[in-house]
Amino acid sequence: MVDDFQALTVDQYAREAARTDQRKGSGTVGFTMLGLFGETGSLLAEAKKKQRDAASYLGYAEAVAEEIGDVLWYLAAIAQRHRLALSDIAAAALKADACYAEGKNEALSLHALQPAHMPLAKAPMPEFEHSLLALASEVGLLAREIEGGNSTRHRADVAERLVAITRCLIRASTDSGITIEAAAIKNLQKIFDRWPRERIYPPAFDADKDAEEQLPRSMQIDIYERKVRGQDYVFQRSRGVYVGDRLTDNAIEPDDYRFHDVFHYAYVAVLGWSPVIRALLRLKRKSDPKLDEAEDGARAILIEEGVTSWLFGQAQQLNFFEDVKRGGLPLDMLKHVRQFVAGHEADRCPLWLWEEAILQGYAAFRFLQKNRRARITIDFARRRLRIKELPQ
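Residues in the sequence shown are numbered consecutively from 220, following my numbering.
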């Protein structure tokens with residue numbers, strides 16, 4: 220993984236970044252160019268927001284580092300599509316008037332691209348603004364080159380533009396006090412958090428607790444709708460015992476949110492986490508007062524309900540994720556979920572695992588929408604929430 224790198228070379232970064240490239244091939248150059256444009260704009264936006272909201276905008280340095288990493292990722296992707304070595308581009312960028320030349324720069328490290336010591340800038344300085352505007356200008360010139368490049372010199376021209384962009388990115392990073400190496404490592408950690416090389420499921424949060432304080436590893440729940448005095452309610456039973464209260468949508472306009480406990484069951488099955496289900500099944504970790512209060516208490520329950528409600532609002536606009544495949548949920552959506560649970564144990568769940576929980580929960584929800592009744596099975600060993608028809 221990323222943490223194993225002692226001195227990350229430019230080519231090592233390019234190879235690792237390419238592993239997470241979801242759209243490869245020459246026909247995707249335009250898409251990649253849009254990404255470079257967008258991330259460059261986001262980098263400029265961070266400087267603008269810090270100037271506008273100087274006292275209230277927190278996390279400026281961290282945000283700048285993330286955006287620099289994203290710009291670098293798209294630079295690597297564009298170089299790869301034109302069969303250009305990112306290390307050769309970076310080597311040329313280090314010299315003021317050097318042109319791109321294919322050489323032996325495999326050992327060039329990201330650390331070597333900048334001075335050994337740089338002060339951390341807590342706010343955008345004039346030098347940083349100037350280098351950002353120069354970066355944006357060079358990205359625009361590259362877009363023009365790619366859009367109209369049909370000459371035999373096209374690849375060489377793209378290389379020269381990438382050298383100029385890389386030179387501006389190095390200067391902007393130095394002016395901001397951010398090392399490109401740190402930005403690159405942060406970028407790799409983020410993208411492998413989202414698109415891992417290998418999906419290794421983390422252990423259960425309560426693995427060291429006695430059975431009476433563990434979330435169920437296997438459980439079957441019957442969920443069905445029934446009309447009572449003209450009102451539709453959802454009931455839940457497990458082994459003949461009712462689970463929780465009967466539920467309605469609690470909304471003026473019906474939206475089937477009364478089936479929303481299925482999302483909590485998905486969190487249990489995939490994440491091994493759900494303060495809501497712990498409270499419902501009386502499985503709080505009373506043997507550890509700190510966990511009982513901080514991870515299983517009212518605040519944690521409210522956070523889980525907040526995540527679930529917010530995701531439901533997003534899902535309503537996307538046909539409840541019916542057409543979304545694994546790897547297809549927006550990264551920003553998953554990052555918002557991470558922000559919701561920050562400071563709690565669920566913060567340790569990787570983004571790809573959150574996506575699995577969300578998609579499995581919504582697959583079950585759509586089944587309930589259609590059939591109005593189902594048998595749900597939690598299968599934590601296989602990290603699956605299974606669903607099938609419930610006999611009448």
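For each residue, glycine too, the CB sits at the ideal point set by N, CA and C.
Starting from Phe-424 and walking both ways along the beta strand (DSSP E), at which residues does that stretch end? Element bounds for Phe-424: n/a, residue is neither H nor E.
So what's Gln-450 in DSSP terms, helix, strand or just coil? strand
- [ ] Give the DSSP bridge partners of Ser-457, in chain order.
- [x] Val-460
In the structure shown, what three-state DSSP assignment does Ser-328 receive? strand
Report task. Just tell me which of Leu-305, Tyr-443, Lys-554 and Asp-507 has its CA closest to the CA of Arg-413. Result -> Lys-554
Distance CB(Ile-471)-CB(His-483) smaller than 8 Å: no
Going along the chain, which residues of its own chain have a beta-carbon closer than 8 Å to the beta-carbon of Glu-364, five neighbours each way excluded? His-373, Asp-376, Val-377 and Arg-380
Pull up the DSSP beta-bridge partners for Leu-604, would you. Ile-597
Q.
Once DSSP output is grouped into helix, strand and coil, what is the label at Ile-419?
A. coil
- Kindly indicate which residue of Arg-477, Gly-532 and Ala-403 has the alpha-carbon position closest to the one of Ser-328. Ala-403
What number of angstroms, rounded off, separates the C-alpha of Leu-352 from the C-alpha of Asn-538? 40 Å
Q. Excluding sequence positions up to five away, which residues of its chain have a Cβ less than 7 Å from the Cβ of Met-552?
A. Gln-533
Using a Cβ-Cβ cutoff of less than 8 Å, which residues in the same chain neighbour Thr-371 once the five nearest sequence positions on both sides are dropped?
In this predicted model, Thr-371 has a pLDDT of only 49, less than 50, meaning its place in the structure is not dependable; the value taken from the coordinates is given anyway. Counting only Cβ-Cβ distances below 8 Å, and skipping sequence neighbours, we find nothing.
First and last residue of the alpha helix (DSSP H) that includes Gly-288? 279-300
Jot down the residue ranges of each uninterrupted alpha helix (DSSP H) in the stretch 534-581, minimum 4 residues, whole runs only, in chain order.
550-559
With 16 as the cutoff for other CB atoms within 10 Å, does Glu-523 come out buried or exposed?
buried
Which value, in whole angstroms, describes the spacing of the CA atoms of Arg-302 and Glu-514?
50 Å
Check your understanding: Helix or strand or just coil, what does DSSP make of Thr-371?
Key -> In this prediction, Thr-371 has a pLDDT of 49, which is less than 50 and means its spatial position is unreliable; what the coordinates show is noted afterwards. Three-state DSSP puts Thr-371 in coil, outside helix and strand.
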